[in-house]
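Written below as structure tokens is the structure these notes are about.
Shown next, in the form of structure tokens:
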């Protein structure tokens with residue numbers, strides 16, 4: 331599912347209108363769809379009065395159609411239109427609301443304070459200037475009311491591409507995004523303003539999407555149906571463990587003994603056929619006790635209990651994928667250098683990323699096998715300090731080009747970026763994942779799926795996407811069972827299979 335910028339959405343709309351679709355007809359269709367969704371979310375019997383905020387552009391026109399539709403369905407509607415000048419079509423809809431339906435227009439926003447629900451139609455996509463003065467005061471006032479508020483397309487005041495607040499922004503409880511997802515709604519900065527996000531599909535012809543210049547499908551949303559299809563669920567009745575991938579997981583230390591165990595639990599849930607875990611020698615008994623089905627390799631330790639080097643007889647070339655980093659500490663780059671020397675599909679996480687920052691990401695540019703970096707914001711800044719002030723989506727795409735690695739920039743809306751400029755956003759997440767160890771579980775799941783994909787000749791790129799989606803799905807499932815406060819990393823790993831089963835059912 332494509333995610334578009336303001337420029338791309340304008341070009342798509344231009345193609346729709348150039349193809350003969352009347353603007354007025356599309357506005358009627360969109361307004362009707364929004365009104366039906368408002369009615370479903372806030373039934374007349376419980377929420378009889380609705381306040382409509384109308385802007386000067388076509389977003390305001392959509393809001394006026396919504397006002398009329400709700401009025402004829404029995405709602406008590408009040409309209410506040412703070413702008414004297416507006417587009418012709420919006421002005422025409424305002425005239426219809428006044429003269430034909432006698433819907434009351436308010437002289438001040440305070441007149442909406444008694445309404446049960448608000449509909450925000452002040453500004454749609456493409457807003458770039460900061461909101462200030464009277465309109466900013468209006469927005470501040472309605473935010474103080476703390477009422478259910480439905481934003482049309484985006485909350486007014488949110489930048490379409492970055493999700494950042496332009497001076498002031500409506501704090502919506504629901505956002506009904508029109509036609510295609512906008513980039514800003516898929517970024518962390520907008521989440522506290524957008525509330526529950528839904529897409530209102532008004533049947534944009536696919537030809538109009540494909541025809542826009544530039545990179546029309548460069549950024550896409552991960553979709554559940556496609557992620558399930560990419561999972562390695564179907565297996566031959568005659569398969570065996572050596573056909574299901576072999577993952578080498580390297581991690582653990584005296585300081586962080588649990589990280590590699592959590593990653594191992596994630597890898598085990600992925601269905602990988604063989605799991606080998608390389609840990610400091612003194613950590614082996616603990617890992618064997620928790621993961622008895624794994625092959626646990628003892629490694630020489632440093633004085634502080636971290637891995638000093640991998641055993642000489644551990645042939646890295648025989649593994650389908652290598653995951654390095656959970657719990658290793660940033661004491662030495664020796665093991666990382668050993669991993670990077672072998673062109674095996676590799677994931678670098680946690681202190682593996684901090685060690686890479688010390689070596690420099692240019693170390694990855696000559697690798698022929700895929701390298702996946704899975705930083706959170708702090709680790710990303712250490713790896714790519716020159717991109718620190720860039721929006722997450724743009725930063726991830728630039729980092730992937732610089733490093734020639736796949737970037738998984740973790741956050742509420744995790745972004746996956748490929749070196750060729752394509753990117754994917756996982757919009758489904760939960761604050762329950764904001765716990766230590768959640769990233770270790772992701773590393774294990776991703777490593778297990780990549781090992782299977784490598785052995786079976788399937789897409790490694792898809793394996794990375796599925797891992798991100800599945801990990802977030804498990805967090806959401808666990809949060810429903812235990813609340814967002816009650817989900818720890820071990821519980822997250824244990825929720826991977828139940829969450830998947832629930833999604834398949």
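Numbering (my numbering), first residue to last: 331 to 835. Note that CB positions come from ideal geometry on N, CA and C, so glycine has one too. Predicted, not measured: the structure shown is a model, and the values here were computed from it.
| query | In chain order, which continuous runs of the alpha helix (DSSP H) of length 4 or greater are located wholly inside the segment 388-428? | reply | Listed in chain order, the complete alpha helix (DSSP H) runs (minimum 4 residues) inside the segment 388-428 are 388-402.
| message | Check whether the segment 416-428 and the segment 482-501 are in contact - that is, three or more C-beta pairs closer than 8 angstroms. | response | Flag = no, the segment 416-428 and the segment 482-501 do not touch.
| Does DSSP classify residue 495 as helix, strand or coil? | When secondary structure is reduced to three states using DSSP, residue 495 falls in the strand class.
| request: Just tell me which of 403, 429, 387, 818 has its CA closest to the CA of residue 411. | output: Of 403, 429, 387, 818, the smallest CA-CA separation from residue 411 is found for 387.
| task | Would you grab the beta carbon distance between residue 392 and residue 451 for me? Rounded to a whole angstrom, and I think it's under 8 angstroms. | result | Right, their Cβ atoms sit about 6 angstroms apart.
| request: Check whether the Cβ of residue 692 sits closer than 7 angstroms to any heavy atom of the ligand HEM, and report yes or no. | output: As presented, the structure is devoid of all ligands, the ligand HEM included, so that no description of it is given.
| query | Are the segment 597-609 and the segment 770-778 in contact at 8 angstroms, needing three or more beta carbon pairs? | reply | The segment 597-609 and the segment 770-778 touch, with no fewer than 3 CB-CB distances between them shorter than 8 angstroms.
| query | So the beta strand (DSSP E) residue 737 belongs to, where does it begin and stop? | reply | 736-739 is the extent of the beta strand (DSSP E) around residue 737.
| query | Would you say the segment 610-621 touches the segment 629-649, given that touching needs at least three Cβ pairs under 8 angstroms? | reply | Flag = yes, the segment 610-621 and the segment 629-649 touch.
| query | Is residue 622 near residue 770, with beta carbons less than 8 angstroms apart? | reply | Cβ atoms of residue 622 and residue 770: not closer than 8 angstroms.
| Counted within 10 angstroms of its Cβ, other Cβ atoms place residue 483 as buried (16 or more) or exposed | It counts as buried.
| According to DSSP, is residue 812 helix, strand or coil? | Reduced to three states, the DSSP call for residue 812 is helix.
| message | Does the contact criterion of 3 or more C-beta pairs under 8 angstroms hold for the segment 742-761 versus the segment 659-677? | response | Contact between the segment 742-761 and the segment 659-677 is absent: fewer than 3 CB-CB pairs across the two stretches fall below 8 angstroms.
| said: Between the alpha carbons of residue 808 and residue 825, how many angstroms are there, rounded? | reply: Those two C-alpha atoms are separated by around 6 angstroms.
| query | Buried or exposed: which applies to residue 834, given that a residue is buried once 16 or more other Cβ atoms fall within 10 Å of its Cβ? | reply | Burial call: exposed.
| Got a sec, what are the start and stop residues for the alpha helix (DSSP H) residue 758 sits in? | Note, residue 758: premise wrong, no alpha helix (DSSP H); not H, not E.
| Is the segment 361-370 in contact with the segment 463-476, if contact means three or more CB pairs nearer than 8 angstroms? | The segment 361-370, when compared against the segment 463-476, does not touch it at the 8 angstroms Cβ threshold.
| With a CB to CB cut of under 8 angstroms and the five nearest residues on each side skipped, what residues in its chain are close to residue 783? | Take residue 783, set aside five residues on each side of it, and the residues of its chain with a beta-carbon closer than 8 angstroms to its own are 562, 575, 789, 790, 792, 793, in chain order.
| field | Presumed contact (8 angstroms Cβ cut-off) between residue 601 and residue 593, rounded CB distance | value | Separation of the CB atoms of residue 601 and residue 593 is rounded to 15 angstroms, and the pair is thereby denied contact status at 8 angstroms.
| query | Buried or exposed: which applies to residue 802, given that a residue is buried once 16 or more other Cβ atoms fall within 10 Å of its Cβ? | reply | With 16 or more other Cβ atoms within 10 Å, it is buried.
| query | Any idea which residues DSSP pairs residue 503 with across the strands? | reply | Its beta-bridge partners do not exist; DSSP assigns none.
| Sub-8 angstroms separation of residue 840 and residue 515 beta-carbons | Outside the displayed span of the chain (331 to 835) sits residue 840, for which this structure offers no information.
| field | Bridge partner(s) assigned by DSSP for residue 435 | value | Beta-bridge annotation (DSSP): residue 435 is paired with 409.
| request: Kindly give me the distance between the Cβ atoms of residue 686 and residue 693, rounded to whole angstroms, as I take these residues to be in contact under 8 angstroms. | output: Confirmed, about 7 angstroms.
| query | Can you give, in chain order, each stretch of the alpha helix (DSSP H) that sits fully within the segment 579-660 and has at least 4 residues? | reply | For the segment 579-660, whole alpha helix (DSSP H) runs of length 4 or above, ordered along the chain, are 587-599, 614-620.
| field | Burial state of residue 815, where buried means 16 or more other Cβ atoms lie within 10 Å | value | The residue in question, residue 815, is exposed, as its Cβ has fewer than 16 Cβ neighbours within 10 Å.
| task | Quickly, what does DSSP pair residue 379 with across the bridge? List them, please. | result | For residue 379, which the question treats as bridged, DSSP gives the partners 406.
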